[in-house]
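In our numbering, the protein residues as written are 7 to 908.
Remarks on the structure that follows.
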């Protein structure tokens, strides 16, 4: 029997080879009809034997191209039209209500990389080689539907050979919109200095000459500005300490680690610990920067990531990078023959290039050649650009793999991208942390289930990807914020924990625009259950970054045809994004910063019941006007109550206490009445006369805000231990405090520190843990207190800092003290969760906030919670830092009745 159906495929199905895939499957299953690329997805008319049509439809779902993401397939039976063949039709230009999802940019695929270095291929060494499986996508699109005329490739008409490939449904480059070659496509350009003569690589010989000149300058210790997919990189020889130091000086980047690019996995493994999980991420279609643990014997150049246990590494992801890295490696080995002879020995020196964002300090990454020559002229010695415009600015994504449990007793992950893996021994349990198929095959954090902790002891560790910055390769793929299931019995029992329940409130109709935070900004456009979270934009307190924020917002709204009906913003009245929101002629919902953190995790996991939300970070405007950052919230998607917080400590000088953490240390010791401790005087001695100034400011309340921030407690501890007293970038104190736990020459810092603690400190660790323990005290409410601004309990870190000073005075190694401080925070988290469970019966714990980018803290908190019987959820597709705030804002706005704010 012959059937006829119309099929509508929604999702990321443009620019990923979906139509040629449909064509090939139609030929395979003897289907006649057509496939059409439209603004709201792909439409297919299929006629064939009933059984074959069913199998054809299953192929669309089960075996779609790797870079695609099929969100939904609608099928409708229709009358036969008696087609005698199958064809690919041109895009439909009619306007539709919904807009197709756009693929992120994709790293050069293996086939194109092979052709790039094949002397017999007509695209041999062509710097813009691509196909339907790789190459630029979102950064070159001007508008939808995604056809060449709607991209920055419109200025490059295809030659006869490229046009033939483009028109052949069986060719790998069928309808590859950026398809090009030396004869018809973009060319690299070269300019020494901002005003030098520009050379254009129109031919292979001219292009090769440009790459040779670039390599010569790199070998000479010079700095290049190299145009990539989403903007420029600043590049130098990572093994040349003088070049690295000069790059830092010119860019005004004193201490923050620099990312490097290696040629191949073997080189990465010579420097860092990189197993199968890390390799899968490094070599996938997104190719982010991956933070890897350094090898103790790794030969990493001075000035790249000094004093840190991790190194940010990536592999080439564009043809330009492949060519530059390949040619540089050849020249580098020729200049270092003794290294080449070492072969694959672990710890050997390898060719590396520093690849850092091409921008001036705190400004957006440059995307236009003219802009780069103007703004980077004092940094770069030469410019390797091209004549293909970048239409959307994108930084590199940054991720790391964290240990989230063990793999024993786990089911295989589902192939439909649905629920995360679950323990086979507890099929009715919450998801467990483990591999969850997402686009590029990355394992993402889900939730750790307490009920499987005992059965997994001693099994193989399980890892998941944690985002630190979500940008190229991932944005603008939308995140689903749909509820995973109906409320659980536990959630219903705990409904009274949050006074204004909104789980039953119908979401607002229309599109919601969430403006995001001031730092590490992203914004979100929420349409239905799809959250379109922008790429990382940066700190919008900078005027140029604010302009970039506005431009990116306009681009998203235009490209995805979304007109906001409501706006959400941070509660902070002085944030530029909040001020912008209140100037719009739209309803505005203000969302407290830490509530947004917690709801972002809830949204990613489909949680709607009340949770114990633990939000630890550096800064967030509180309902009471203080600076929050050590919060334990009882939260659902619409509302929260403040159950506990770290006791307030003063910040003498406000922001100055962040830039000068000894001021923060003084404020902490003042609050805890520890200024007279014998170890305090020596630790605070570098303050000099500033100590008296700090005391006066605190006593008189002059420019001394109060804070509950855990991030500031880390700063204070780091400063008191002499680890970081003059930070050069945000969070450096906490980062170096974590790194201080490393024991020189050890690859397993946790084990090494524990051994040192037992052998050197001369104290039972249980006793030390008791000395460092954070305590809980009942808070005092006033007549004007509310459940949102005044907590039930205060967490007191006085014992922690007293023990720290005691150990400092006793000469306990800093590595041991740092580890004990971290462990105290882990114990405080578990204690707070247990108190919530005892009072309200809530056993789901949500962790978010920049403090949880601390690998040690996260990797010890998760099993500690599991061991205590909790299910813990953390951010999965967004960073735990402020990059997740906008999604939380949008979901809170959607869940609340119109007009209600925090």
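Every residue gets a Cβ at the ideal spot worked out from N, C-alpha and C, and that includes glycine.
Helix, strand or coil for residue 588, going by three-state DSSP, please let me know.
-> For residue 588, the secondary structure class from DSSP, reduced to helix, strand or coil, is helix.
With C-beta atoms as the reference, is residue 523 less than 8 Å away from residue 632?
-> For residue 523 and residue 632, no; Cβs fall outside 8 Å.
What three-state label does DSSP hand residue 467 in the structure shown?
-> DSSP places residue 467 in the strand class (E or B) of the three-state scheme.
At least three beta-carbon pairs within less than 8 Å, the region 552-564 to the region 849-865 = Too few Cβ pairs lie closer than 8 Å, so no.
Can you tell which of 597, 289 and 252 has the C-alpha that lies nearest to the C-alpha of residue 360?
-> Ranking 597, 289 and 252 by Cα distance to residue 360 puts 252 first.
Does the distance from the C-beta atom of residue 399 to that of residue 373 stay below 8 Å?
-> A contact, by the Cβ cut-off of 8 Å.
Under the three-state reduction of DSSP, which class applies to residue 672: helix, strand or coil?
-> Three-state DSSP puts residue 672 in a helix.
Is the Cβ-Cβ distance between residue 658 and residue 672 less than 8 Å?
-> Their beta carbons are under 8 Å apart, which means residue 658 touches residue 672 by this criterion.
Opposite residue 205 in the DSSP bridges: which residues?
-> Partner(s): 196.
Would you list, in sequence order, the uninterrupted beta strand (DSSP E) runs of no fewer than 3 residues that lie entirely inside the region 564-640?
-> Scanning the region 564-640 for uninterrupted beta strand (DSSP E) segments of 3 residues or longer gives 570-576, 594-597 and 617-627, listed from N- to C-terminal end.
Helix, strand or coil at residue 542 according to DSSP, with G and I counted as helix | Residue 542 falls in the coil class under three-state DSSP.
So, is residue 427 buried or exposed, given that buried needs 16 or more other C-beta atoms within 10 angstroms?
-> The predicted position of residue 427 is uncertain, since its pLDDT is 26 and thus under 50; a value taken from the coordinates is nonetheless stated next. A residue is called buried once 16 or more other Cβ atoms fall within 10 Å of its Cβ, and residue 427 is buried on that count.
Buried or exposed: which applies to residue 85, given that a residue is buried once 16 or more other Cβ atoms fall within 10 Å of its Cβ?
-> Counting other Cβ atoms within 10 Å of its Cβ, residue 85 stays below 16 and is therefore classed as exposed.
Count the other C-beta atoms from every protein chain shown that fall within 10 angstroms of the C-beta of residue 396, then say buried if there are 16 or more, exposed otherwise.
-> Buried is the call here.
Buried or exposed for residue 888, please, with buried defined as at least 16 other CB atoms from any protein chain shown within 10 angstroms of its CB.
-> Here residue 888 is buried: its Cβ has 16 or more other Cβ atoms, across all protein chains shown, within 10 Å.
Cβ neighbour criterion (16 or more within 10 Å) applied to residue 194 = Under this definition residue 194 is a buried residue.
State buried or exposed for residue 124, treating a residue as buried only when at least 16 other CB atoms are found within 10 Å of its CB.
-> Result: exposed.
Would DSSP call residue 802 helix, strand or coil?
-> DSSP, reduced to helix, strand and coil, places residue 802 within a strand of the structure shown.
Below 8 Å CB to CB, which residues in the same chain sit around residue 545 once its five sequence neighbours on both sides are set aside?
-> Sequence-distant Cβ neighbours of residue 545 in its own chain, meaning closer than 8 Å and more than five residues away, are 368, 524, 525, 526, 527 and 551.
Return helix, strand or coil for residue 94, following the three-state DSSP convention.
-> Reduced to three states, the DSSP call for residue 94 is strand.
Residue 116 classed as buried or exposed, judged by whether at least 16 other C-beta atoms fall within 10 angstroms = With fewer than 16 other Cβ atoms within 10 Å, it is exposed.
Beta-carbon proximity check, residue 910 vs residue 568, cutoff 8 Å | Only positions 7 to 908 of the chain appear in the structure, and residue 910 is not among them; the question remains open.
Using the DSSP secondary-structure output, state which residues sit across from residue 692 in a beta bridge.
-> DSSP output for residue 692 lists no bridge partner at all.
Spatial neighbours of residue 179 within its chain, please: CB distance less than 7 Å, with the 5 preceding and 5 following residues excluded, ordered by chain position.
-> Within the same chain, 137, 138, 171, 172 and 185 come within 7 Å of residue 179 by CB-CB distance, once the 5 residues on both sides are set aside.
Would you say residue 641 and residue 601 are within 8 Å of each other, going by their C-beta atoms?
-> Yes, they are a contact pair.
Segment limits, alpha helix (DSSP H) that includes residue 300 = Under the DSSP assignment, residue 300 falls outside any alpha helix (DSSP H), being part of the beta strand (DSSP E) whose first and last residues are 295-300.
Does the beta carbon of residue 846 come closer than 8 Å to any beta carbon on chain B?
-> Judged by its chain identifiers, the structure shown contains no chain B, having just a single protein chain.
Where the beta strand (DSSP E) through residue 83 begins and ends = Taken as a continuous stretch (DSSP letters only), the beta strand (DSSP E) holding residue 83 covers 75-83.
What is the DSSP secondary structure of residue 279, counted as helix, strand or coil?
-> Judged by DSSP in its simplified three-state form, residue 279 adopts strand.
Compute the distance between the beta-carbons of residue 320 and residue 402, then report whether it is under 8 Å.
-> At a Cβ-Cβ threshold of 8 Å, residue 320 and residue 402 count as neighbours.
Roughly how many whole angstroms lie between the Cα atoms of residue 708 and residue 700?
-> Cα to Cα, the separation comes out at about 9 Å.
Look up residue 149 in the DSSP assignment and give the residues it is bridged to.
-> In the DSSP output, where bridge partners are listed per residue, residue 149 has none listed.
Take residue 838 and list the residues in its own chain whose beta-carbon comes closer than 6 Å to its own, dropping the five residues that flank it on each side.
-> Same-chain partners within the cutoff: 638 and 650.
Alpha carbon to alpha carbon, how far is residue 800 from residue 457? Give it in angstroms, no decimals.
-> Because residue 457 carries a pLDDT of 35, less than 50, the predicted location of this residue cannot be relied on, and the following value inherits that uncertainty. C-alpha separation (whole angstroms): 30 Å.
By how many angstroms is the C-alpha of residue 591 removed from the C-alpha of residue 577?
-> When only Cα atoms are considered, residue 577 and residue 591 end up about 18 Å apart.
Find out if the Cβ-Cβ distance for the pair residue 636, residue 652 is shorter than 8 Å.
-> Between residue 636 and residue 652, the C-beta spacing is below 8 Å.
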